[in-house]
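Residue numbers (the working numbering), protein chains in the order written: chain A, 1223 to 1637; chain B, 1223 to 1637.
Beta carbons: idealized from backbone N, C-alpha and C, even for Gly.
Accompanying notes for the structure given below.
Number of protein chains: 2
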Amino acid sequence: MEVELVSIGDELLLGYTIDTNAAFFAREAAALGIRVVRRATVGDGADEIASAVKEALVRTGAVITSGGLGPTADDLTKPSIAALFNRGMRLDESIVESLRARWKARGWPGELPEANKMQAMIPEDATILVNRHGSAPGIWLEDDAGRWVAMLPGVPREFRGMTKDELLPRLVAMGAGGTVVRSRTLRTTGIAESALADKLGELAKDPAGVSLAYLPGWEGVDLRLTVRDVPSVEADARLTRAADALRGKVGKHVYGEDEADMAVLVLHALRAHRMRIAVAESCTGGMLGMRLTAIAGSSEVVHGGVIAYDNEVKVAQLGVRQETLVAHGAVSEETAREMATGVRERLGVDVGVSITGVAGPGGGTPEKPVGTYCVAVDVRGVTRSFRTSSVGDRHEVRQRATQAALSLVRVALEG
Amino acid sequence: MEVELVSIGDELLLGYTIDTNAAFFAREAAALGIRVVRRATVGDGADEIASAVKEALVRTGAVITSGGLGPTADDLTKPSIAALFNRGMRLDESIVESLRARWKARGWPGELPEANKMQAMIPEDATILVNRHGSAPGIWLEDDAGRWVAMLPGVPREFRGMTKDELLPRLVAMGAGGTVVRSRTLRTTGIAESALADKLGELAKDPAGVSLAYLPGWEGVDLRLTVRDVPSVEADARLTRAADALRGKVGKHVYGEDEADMAVLVLHALRAHRMRIAVAESCTGGMLGMRLTAIAGSSEVVHGGVIAYDNEVKVAQLGVRQETLVAHGAVSEETAREMATGVRERLGVDVGVSITGVAGPGGGTPEKPVGTYCVAVDVRGVTRSFRTSSVGDRHEVRQRATQAALSLVRVALEG
């Protein structure tokens, strides 16, 4: 199945917003054998929308739009596409009701504003695509020749949710599938891209009939294996052979596959050991705590922590010794260890983990340049730590430090 | 001047790469009065490239492509567009020479590979756009009717560099830049899009000759005012009139313009008052601390904080009273106030700010549904708090809660 995407919004054309919906859709669709053959981006004008959608309908007859479904006067997706299909617009009372219910449930003051009722205007003979992620419903319009347009909201959370809930199941039911593009990703951390390539050697060139891509990021380097245009059984067999071969070469750096998240792995390990954790953060200022608590259900094992941004807080709230700070500096394995032990003891948990570093742009020295950080873990009195240094801006250095700290916890719990 | 962009590459269509070139070009071009009216993304196939470029030539006659200029067999941009202009291809010896020189200067082994000479094949009667940022030169093709295509490499560093060095000066020389597109954004928080529209009333329809877009996000709703196709003095005058009119209607919700960041504003206010701040976070788990410390130089006023994810931590580390938790619950303005005061006193700072809420997906009750959160601030013993509720998933609820907390601090420091 071939489809086209039309992204709608002045903010996209003007470059104020980067379109991530299209890439999301393409990846999800590829796994089902649905291929995006063209994308267009147009502004909010009714004529622009209509002409882009019309051209796509002529070419492929299968069009997904994102954006322009909001409650304000510049949201013209529905009427301009309805006109292409020679359909009028009607007010859908069931949508008005659900908007009203939503307004009340949120405890917002007064009645549903008139402006919001715009969202309940839909083309005649249209199918409503339910939006469980926001207020604007999606629309499915189809003509007698089977050409269709699916209109989804542009807000990424809503677009993504509705793609999974409503759109992809509908396309699969229409017969998408067949030969596939299938991929599998091995996630590594604590090793550079070039070092990985060296370890892989010949295998890097042709890993058992699949293509290999290196995707470096702050979590580490992902190795993506892709197989195209073969039956799914053969694709899976090839991916398994290639993944096994890669693991043989770089095994200990692989922490998971596909969407694996180091924070989730650490929470699992803590649960398995019936242990609770607390964090002590200097340069990351709360980012490590944020990552752990980003996961629903983390409250079972995450107790809390101390953000010890200023050295006074390290001393007063974590019991770091003044002598340690003077002798080794705030950015040192010694300080990191005392922070980890301090937060473990003061919060009364099993595991303390800490980060202290120079995130930049200022604060670097020849011995401790910007990007240097130390992480430590204390598991019931046994501590480990290491110091490393990474590239990137302030944000990326902080992200990399949280990944290093979590990786250290994971190793400590496994070892 | 109106132009269209065509982005070329299978990796863009497959969603493995996000197209940032188009947004970069649009922003740079807008400042010169050049307007991007349509964008298309196509794969690497010669037919796909030709058809997208041909359509754009018919519509606007001014097309910029990115991608498909590399040395490999799947780089078909030049020959497919040359064919549209009825031009043959020729080997350009000056490009071969510069590729050879580059190869030597890099210290790479052996002679320039044959494959790389592909990059020296250019359409007949084409103008070479010099690439100082990589090896593939750009190409400018123009017909007798003045329709043109500028072909740039897809690598973002090269695309950006060549846009600035070669393309924009050329467009300005062709007469772009008489009239401009200029915009100004008012950032609001604490008010919904529809409520804003209601407050603006008639003004929302035609705010003094500028176009108005609502851009909702977790920080609040941005109101973007845009003026097109008038001289720059007139554009500025219209934007000032419109911004003043909007501020008159929604003034207290406007916290800044354009790139304003609430965390930066709070740090400024703290510096102006010579005050230091500490955070106490429950459901956000460190996100508020992370936001404040994301800004370089924040250590001057940010002392640290306590992540009180578990109620035990709220009691032991922040001095929240057990009775308060029992009587009002952890998610209550009462608990939030005690958290703010607790962190202020225990860390010995001037300002304590706190967040406690139900980020979801579980944990909601009829009285406190998912998305409910309470924020409080204590400025030298004077506390304020409020409770509200927001849409979104766990991540977005947490983001919105940090914005609400920072907004409360800002109001408290101003008031």
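- When Cβ-Cβ separations below 7 Å define contact, SER1554(B) makes no contact with chain A.
- With 16 or more other Cβ atoms inside 10 Å of its own Cβ, ALA1634(B) counts as buried.
- Under the three-state reduction of DSSP, ILE1317(B) is assigned to helix.
- Taking 8 Å as the upper bound for CB-CB distance, CYS1505(A) and VAL1613(A) are not in contact here, some 16 Å apart.
- Contact between the region 1278 to 1297 of chain B and the region 1415 to 1425 of chain B is absent: fewer than three C-beta pairs spanning the two stretches fall below 8 Å.
- Our two residues, ASP1572(B) and THR1515(B), have alpha carbons roughly 17 Å apart in a direct line.
- The beta carbons of PHE1247(A) and ILE1286(A) sit about 7 Å from each other, so the pair counts as a contact at 8 Å.
- Bridge partners of GLY1255(A) according to DSSP: none are assigned.
- In the same chain as LEU1628(A), and ignoring 5 residues on each side of it, the C-beta atoms closer than 7 Å to its own belong to MET1484, ALA1485 and VAL1488, in chain order.
- Runs of the alpha helix (DSSP H) spanning 4 or more residues and lying entirely within the region 1534 to 1573 of chain B occur at 1544 to 1550 and 1555 to 1568, in chain order.
- ASP1451(B) is bridged by DSSP to nothing; it lacks a bridge partner.
- The DSSP-derived three-state label of LEU1291(A) is coil.
- In its chain, beyond the 5 residues on either side, PHE1307 have a beta carbon closer than 8 Å to the beta carbon of ASP1365(A).
- The alpha-carbon separation between HIS1355(A) and ALA1562(B) amounts to approximately 32 Å.
- Put simply, the backbone Cα of ARG1568(B) is about 7 Å away from that of LEU1540(B).
- Your pair SER1288(A) and LEU1321(A) does not check out as a contact, with CB atoms roughly 21 Å apart and the cut at 8 Å.
- Across the structure, LYS1386(B) and LEU1374(B) are spaced so that their CA atoms are roughly 12 Å apart.
- Counted as a single uninterrupted DSSP element, the stretch harbouring SER1629(A) is not any beta strand (DSSP E) but the alpha helix (DSSP H) occupying residues 1616 to 1636.
- Taking a contact as a CB-CB distance under 8 Å, the pair ILE1350(B) and THR1299(B) does not count as one, their CB atoms being some 14 Å apart.
- Put simply, the CB of LEU1540(B) is far from chain A, with every gap to its CB atoms at 7 Å or more.
- A distance below 7 Å between beta-carbons, with the five flanking residues on each side excluded, links PRO1378(B) to the following residues of its chain, in chain order: THR1242 and ASN1243.
- Per DSSP, reduced to three states, the secondary structure at ILE1577(B) is strand.
- Of the candidates ALA1459(A), MET1512(A), PRO1453(A) and THR1410(A), THR1410(A) places its Cα closest to the Cα of LYS1471(A).
- Taking 7 Å as the CB threshold, TYR1595(A) stays off the interface with chain B.
- Selection LEU1254(B), VAL1264(B) and VAL1228(B) evaluated against GLY1237(B) yields VAL1264(B) as nearest (Cα-Cα).
- For ILE1230(B), the enclosing beta strand (DSSP E) has its first and last residue at 1224 to 1230.
- Residue contact with chain A for ARG1632(B): absent (no Cβ-Cβ distance below 7 Å to any residue of chain A).
- Between HIS1495(B) and GLU1636(B), the alpha-carbon positions lie close to 10 Å from each other.
- Assignment of beta-bridge partners to MET1373(A) by DSSP yields THR1287(A) and ILE1361(A).
- Residue-level contact check: ALA1268(A) does not touch chain B, since none of the beta carbons of chain B fall below 7 Å from its beta carbon.
- Within chain B, no residue has its CB atom less than 9 Å from the CB of ARG1463(A), the nearest being about 22 Å off.
- Listed along chain A are ARG1379, each with a C-beta nearer than 9 Å to that of GLU1618(B).
- Residues of the region 1499 to 1521 of chain A with a Cβ closer than 9 Å to any Cβ of chain B, in chain order: ALA1500, VAL1501, GLU1503, SER1504, CYS1505, THR1506, GLY1507, GLY1508, MET1509, LEU1510, GLY1511, MET1512, ARG1513, LEU1514, THR1515, ALA1516, ILE1517, ALA1518, GLY1519, SER1520 and SER1521.
- For VAL1580(A), there are no C-beta contacts with chain B under 9 Å, since the nearest C-beta of that chain is about 11 Å from it.
- Taking 7 Å as the threshold, the shortest C-beta distance from PRO1583(B) to chain A falls below it.
- Under the Cβ criterion of 7 Å, THR1282(A) is not counted among the residues facing chain B.
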